[in-house]
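Asks: Below you'll find the structure I mean.
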Amino acid sequence: METLNPTLTVIIILVILALLFDFMNGFHDAANAIATVVSTGVLKPGQAVAMAALFNVLAFFVFSLSVAKTIGKGTIEPSVIDHYVIFGALIGALFWNLVTWYFGIPSSSSHALIGGLIGAAVAKGGTDTLIASGLYKIISFIVLSPLLGFVLGSLMMLIVSWLFVKSTPNKVDKWFRRLQLVSASVFSLGHGGNDAQKTMAIIWMLLIATGYSNASDAAPPAWVVYSCYAAIGFGTLFGGWRIVKTMGQKITKLKPVGGFCAETGGAATLIFATIFGIPVSTTHTITGAIVGVGSAQKMSAVRWGVAGNIVWAWILTIPASAFVAAIAWWVGTKIL
1 METLNPTLTV IIILVILALL FDFMNGFHDA ANAIATVVST GVLKPGQAVA
51 MAALFNVLAF FVFSLSVAKT IGKGTIEPSV IDHYVIFGAL IGALFWNLVT
101 WYFGIPSSSS HALIGGLIGA AVAKGGTDTL IASGLYKIIS FIVLSPLLGF
151 VLGSLMMLIV SWLFVKSTPN KVDKWFRRLQ LVSASVFSLG HGGNDAQKTM
201 AIIWMLLIAT GYSNASDAAP PAWVVYSCYA AIGFGTLFGG WRIVKTMGQK
251 ITKLKPVGGF CAETGGAATL IFATIFGIPV STTHTITGAI VGVGSAQKMS
301 AVRWGVAGNI VWAWILTIPA SAFVAAIAWW VGTKIL
């Protein structure tokens, strides 16, 4: 990777921009962790975001940095990375996050960032700058993560329904209101572990490209790790309420038992992916799990029109953020 020499001010601005994206990631994706627990009435909104933010940060003590390594060294050729590419990628990702938050659409911050990297890299050096193997793994999980969430969520719902078939509704509700606190916490842990590492990778790329870190380093500098976990935790603390409403109420109506099953299925998918260094979308995962829980009860319990609109947003995420990133890369070459 060639070493460039932007001013220290430019590097600081880009790091702040990356942490702003991380904050927005937590803000945007807070709905993934708290929508079910809020919509079922188990926690008040303020309590739910505080719990989710805490477990986002606690992920630091649980997971290795394998996801950061996948994005940092497995998506685009290191030789193409410079501060202009990083600027373009971040602007593309932030733009898409803001648009989808405004309209209350649960889209993927992860794929917005990957789309931003693709757009900026291609704008600079063409399609040869992309690393096919890493991108195939990421893109395949656009389909696999909601599918795994769907299967695990619906399977959990069927198992729980069978186990508690002779219990009264009040007894079931009482037990799962408590258990949902556990499932929501574990899902937030998986969210923090997977998503915070994506911003770490971006800052790590920037530091390597500008000579402030070595490409041979096994992990990003400690201050990068700490600041990214803190940023996503603070973002979650503020919560994106527009998206909470969509996730918790518009796709299907959830009771505590359904919320528990959706969160458990989603958490299992996230933890599996994080352990194996696969950057997946928490949005895709929990949406698939919620749809799985609803369809396990009856197909008409799912508002398929709302689910279809969400899928369209997923399809558009990478190309839209890539397009904006390409423009931002060109602007960056003029102003940075």
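Residue 307 in full-length UniProt numbering is what sits at position 307 of the sequence shown, and the numbering runs on without skipping anything. For every residue, glycine included, the Cβ atom is placed at its ideal position computed from N, Cα and C.
What is the DSSP secondary structure of Leu130, reduced to helix, strand or coil?
Replies: It is a strand residue.
Asks: Below 8 Å, can you find three or more Cβ-Cβ pairs linking the stretch 5–23 to the stretch 64–83?
Replies: In short, these stretches touch, since the Cβ pair count reaches three.
Asks: Can you tell me the Cα-Cα spacing of Leu113 and Pro169, whole angstroms?
Replies: Computed Cα separation, rounded: 43 Å.
Asks: State the start and end residues of the unbroken alpha helix (DSSP H) segment that holds Pro169.
Replies: Its alpha helix (DSSP H) spans residues Pro169 to Ala209.
Asks: Could you tell me whether the Cβ atoms of Ile138 and Pro279 are closer together than 7 Å?
Replies: Cβ atoms of Ile138 and Pro279: closer than 7 Å.
Asks: Per DSSP, what kind of secondary structure is Ile76 in: helix, strand or coil?
Replies: Correct three-state label for Ile76: strand.
Asks: Report the three-state DSSP secondary structure of Phe276 (helix, strand or coil).
Replies: If DSSP states are grouped into helix, strand and coil, Phe276 belongs with coil.
Asks: Nearest to Trp329 by alpha carbon, out of Phe23, Phe87, Thr40 and Ala50?
Replies: Nearest of Phe23, Phe87, Thr40 and Ala50 to Trp329, Cα basis: Phe87.
Asks: Using 10 angstroms around the beta-carbon of Arg178, count the other beta-carbons present and answer buried if the total reaches 16, otherwise exposed.
Replies: Result: exposed.
Asks: Hey, how far is the Cα of Phe260 from the Cα of Val38?
Replies: So the alpha carbons of these two residues sit roughly 12 Å apart.
Asks: Which of the three DSSP states is assigned to Asn214 in this structure?
Replies: Three-state result, Asn214: coil.
Asks: Could you give the distance in angstroms between the alpha-carbon of Ser66 and the alpha-carbon of Thr274?
Replies: Going by the C-alpha atoms only, they are around 7 Å apart.
Asks: With a CB to CB cut of under 6 Å and the five nearest residues on each side skipped, what residues in its chain are close to Ala262?
Replies: Closer than 6 Å at Cβ, skipping near neighbours: Thr36, Gly153, Ala289, Ile290 and Val293.
Asks: Spatial neighbours of residue 340 within its chain, please: C-beta separation below 6 Å, excluding the five flanking residues on both sides.
Replies: Any question about residue 340 goes unanswered here, given that the chain covers just 1 to 336.
Asks: Return yes when the Cβ of Leu237 is within less than 7 Å of the Cβ of Val49, no when it is not.
Replies: Contact: yes.
Asks: Using the Cα positions of Leu158 and Asp22, report the straight-line distance between them to the nearest angstrom.
Replies: Answer to the nearest angstrom: the Cα atoms are 36 Å apart.
Asks: How would you call Thr129, buried or exposed, if buried means at least 16 neighbouring beta carbons within 10 angstroms?
Replies: Result: buried.
Asks: As a quick exercise: from Ala18, Phe60, Ile34 and Val331, pick the residue whose alpha carbon is nearest that of Gly193.
Replies: Closest option to Gly193, Cα to Cα, is Phe60.
Asks: Given this structure, state the Cα-to-Cα distance separating Ala132 from Ile318, to the nearest angstrom.
Replies: So the two alpha carbons sit approximately 15 Å from each other.
Asks: Beta carbon of Ala18, beta carbon of Ile202: below 7 Å?
Replies: Going by C-beta atoms, Ala18 is nearer than 7 Å to Ile202.
Asks: If you draw a straight line from the alpha carbon of Ala120 to that of Val172, how long is it in whole angstroms?
Replies: Approximately 51 Å, taken between the alpha carbons.
Asks: Report yes if the C-beta distance between Phe103 and Gly235 is below 7 Å; otherwise report no.
Replies: No, the Cβ-Cβ distance between Phe103 and Gly235 is not below 7 Å.
Asks: Could you give the DSSP three-state label for Thr7: helix, strand or coil?
Replies: Three-state DSSP puts Thr7 in coil, outside helix and strand.
Asks: Quick check: what's the CA-CA separation for His191 versus Gly265?
Replies: Using only the alpha carbons, I get a separation of about 13 Å.
Asks: Do Gly126 and residue 370 count as a contact pair if the criterion is CB distance below 7 Å?
Replies: There is simply no residue 370 to check, as the chain begins at 1 and stops at 336 in what is shown.
Asks: Alpha carbon to alpha carbon, how far is Tyr229 from residue 367? Give it in angstroms, no decimals.
Replies: Since the first and last residues shown for the chain are 1 and 336, residue 367 lies out of range.
Asks: Going by beta-carbon coordinates alone, are Phe176 and Pro45 separated by less than 7 Å?
Replies: Taking 7 Å as the Cβ cut-off, Phe176 and Pro45 do not qualify as a contacting pair.
Asks: Enumerate in chain order the residues of its own chain whose CB-to-CB distance from Gly313 is below 8 Å, with the five nearest sequence positions on each side excluded.
Replies: Looking at the sequence provided, one finds Ala at residue 313 rather than Gly. Counting only Cβ-Cβ distances below 8 Å, and skipping sequence neighbours, we find Thr100, Ile105, Pro106 and Ser107.
Asks: Taking Cβ to Cβ, would you say Met200 is nearer than 7 Å to Pro221?
Replies: No, the Cβ-Cβ distance between Met200 and Pro221 is not below 7 Å.
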